[in-house]
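What follows is a short report on a single structure.
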Amino acid sequence: MLSTAFTETFGVRHPIVQGGMQWVGRAELVAAVANAGALGLLTALTQPTPEDLAKEIARTRELTDQPFGVNLTILPAITPPPYEEYRQVIIESGIKIVETAGSNPAPHLPDFHAAGVKVLHKCTSVRHAIKAQDTGVDGISIDGFECAGHPGEDDIPGLVLIAAAAEQITIPMVASGGFADGRGLVAALALGADGINMGTRFMCTAESPIHQNIKEAIVAGKETDTELIFRPLRNTARVASNTVSREVVEILDRGGKFEDVRELVAGARGRTVFENGDTDAGIWTVGTVQGIIHDIPTAGELVERIVREAEALIAERLAGLSVSVGV
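Numbering-wise, the numbering used here comes out as the position in the sequence shown, counting from 1, plus 89.
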């Protein structure tokens with residue numbers, strides 16, 4: 090078993106996190122990940138109301154007695170969700186791990202920490218990771234340019250970003266973006282991380298609550314089959330390449346504004362993709378890592394395989410390398 094600062098601080102067996110994913114982080118997947126000894130995360134805002142989140146937490150507890158957490162993504166909005174109410178539900182439900190993302194988590198930390206909740210904050214740059222560490226979070230998830238969703242605007246791939254962050258971060262840190270197997274876990278550890286966070290890979294598991302067509306599209310997809318939308322708006326997002334995302338890129342590249350693509354990128358259309366399996370029904374999130382995803386295992390099989398591969402790499406291949414030291 091691979092024990093790291095992350096597993097010790099957050100109380101899970103394996104240094105693997107199933108990241109919070111809109112429409113995907115539901116009870117069945119989270120419980121399966123937790124039962125496998127990794128950290129599963131419900132996505133708070135997938136639930137329409139705080140009351141619905143409380144029910145989903147209870148439903149997850151019916152499926153696992155292992156630790157799991159909740160993702161709370163904090164984004165600016167004209168009419169923001171009732172974040173304080175979601176936070177209160179998380180605390181009252183006895184959840185002890187929260188992944189925050191988006192805006193500064195500082196306003197939420199006093200209440201979370203008073204309730205004994207550990208906070209893992211997702212960042213896309215070293216400077217934001219340092220700020221979050223200084224603010225008092227308990228762990229960092231550092232998100233490289235390869236990732237699905239929002240990679241930030243610096244375009245720094247994980248190979249450099251993880252190592253750069255490791256030079257500055259002293260609290261537990263997991264690496265996000267581009268991870269799918271034991272090779273990635275060993276690489277992340279070598280770069281200075283304490284574990285890995287995976288989204289796309291966990292989307293493509295038996296318990297993932299998305300349509301089978303989408304899982305098969307991920308298996309068929311290449312690492313080149315994504316689009317970076319919203320680049321001219323400085324709000325870049327990596328999504329699957331399809332008729333809709335390519336149209337969005339074309340409109341914005343011609344000087345279009347968000348209003349010109351609003352209907353194309355509507356969240357309801359993306360949800361329809363996951364529910365009905367039409368890959369061209371809307372925008373849907375996927376990472377470049379789909380190029381090395383070749384099957385649809387159960388979450389338990391996936392976690393076991395990653396840990397087994399990583400341990401074998403460390404104990405056999407790397408240990409067997411010949412090292413000569415020059416004089």
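Beta carbons: idealized from backbone N, C-alpha and C, even for Gly.
Quick caveat, the model's predicted, so the values are computed rather than measured.
**Report entry** Cβ shell of residue 316 (< 7 Å), same chain only, five flanking positions each side left out
**Finding:** 328, 330, 334, 335, 338
Query raised in the report: Along the chain, which unbroken stretches of the beta strand (DSSP E) at least 3 residues long are found entirely within the segment 160 to 227?
Result: 186 to 191, 207 to 212
Query raised in the report: With DSSP run on the structure shown, which of helix, strand or coil describes residue 265?
Result: strand
Requested in this report: Closer than 6 Å by C-beta to residue 320: which residues in its own chain qualify, once you throw out the five before and the five after it? Chain order, please.
Outcome: Cβ neighbours of residue 320 beyond the five flanking positions: none.
Query raised in the report: Shortest alpha-carbon distance to residue 332 belongs to which of 373, 129, 285?
Result: 373
Query raised in the report: So, residue 120 versus residue 142, is the Cβ gap smaller than 8 Å?
Result: Contact check for residue 120 against residue 142 fails: the beta carbons are separated by 8 Å or more.
Query - Chain-order list of residues whose beta-carbon lies under 7 Å from that of residue 164 (same chain, five-residue window excluded) - result: Taking C-beta separations shorter than 7 Å and ignoring five residues to either side along the sequence, the partners of residue 164 in its chain run 191, 192, following chain order.
Requested in this report: Count the CB pairs spanning the segment 132 to 140 and the segment 94 to 111 that are closer than 8 Å, and state whether there are at least three.
Outcome: Result yes; three or more Cβ-Cβ pairs closer than 8 Å.
Requested in this report: Within the segment 303 to 386, note down every full alpha helix (DSSP H) run reaching 4 residues or more, in order along the chain.
Outcome: Listed in chain order, they are 332 to 342, 347 to 350, 356 to 365.
**Report entry** At least three beta-carbon pairs within less than 8 Å, the segment 264 to 280 to the segment 351 to 363
**Finding:** At 8 Å Cβ cutoff, the stretches do not touch.
Report task. For the beta strand (DSSP E) holding residue 287, just list the boundary residues, first then last. Result -> Per DSSP, the unbroken beta strand (DSSP E) holding residue 287 starts and ends at 285 to 287.
Report task. Quick one: grab the DSSP three-state call for residue 275. Result -> Looking at residue 275 - three-state DSSP - the assignment turns out to be helix.
Query raised in the report: If you run the structure through DSSP and keep just helix, strand and coil, what is residue 107?
Result: strand
Report task. Assuming residue 210 contacts residue 226 (C-beta within less than 8 Å), just tell me the rounded distance between them. Result -> 4 Å
Report task. Tell me, please, which residues DSSP counts as bridged to residue 158. Result -> 130
Query raised in the report: Count the other CB atoms within 10 Å of the CB of residue 344; is the residue buried (16 or more) or exposed (fewer)?
Result: exposed
Report task. For residue 244, name the three-state secondary structure that DSSP assigns. Result -> coil
Report task. Taking residue 216 as the reference, give the member of 254, 380, 200 with the closest Cα. Result -> 254
Query raised in the report: Does DSSP put residue 229 in a helix, a strand or coil?
Result: Here residue 229 carries a strand assignment [DSSP, helix/strand/coil].
Query raised in the report: Between 201, 221, 325, which lies nearest to residue 234 when the distance is taken from Cα to Cα?
Result: 325
Query raised in the report: Does DSSP put residue 238 in a helix, in a strand, or in coil?
Result: strand
Report task. My understanding is that residue 130 touches residue 157, with C-beta atoms under 8 Å, so please give their C-beta distance in whole angstroms. Result -> About 7 Å separates the beta carbons of residue 130 and residue 157, which is inside the 8 Å limit, making them a contact pair.
Query raised in the report: Short check: CB of residue 395 to CB of residue 186, under 8 Å?
Result: In this structure, the beta-carbon distance from residue 395 to residue 186 does not fall below 8 Å.
**Report entry** contact_flag[the segment 91 to 99, the segment 277 to 286] where n(CB pairs < 8 Å) is 3 or more
**Finding:** yes
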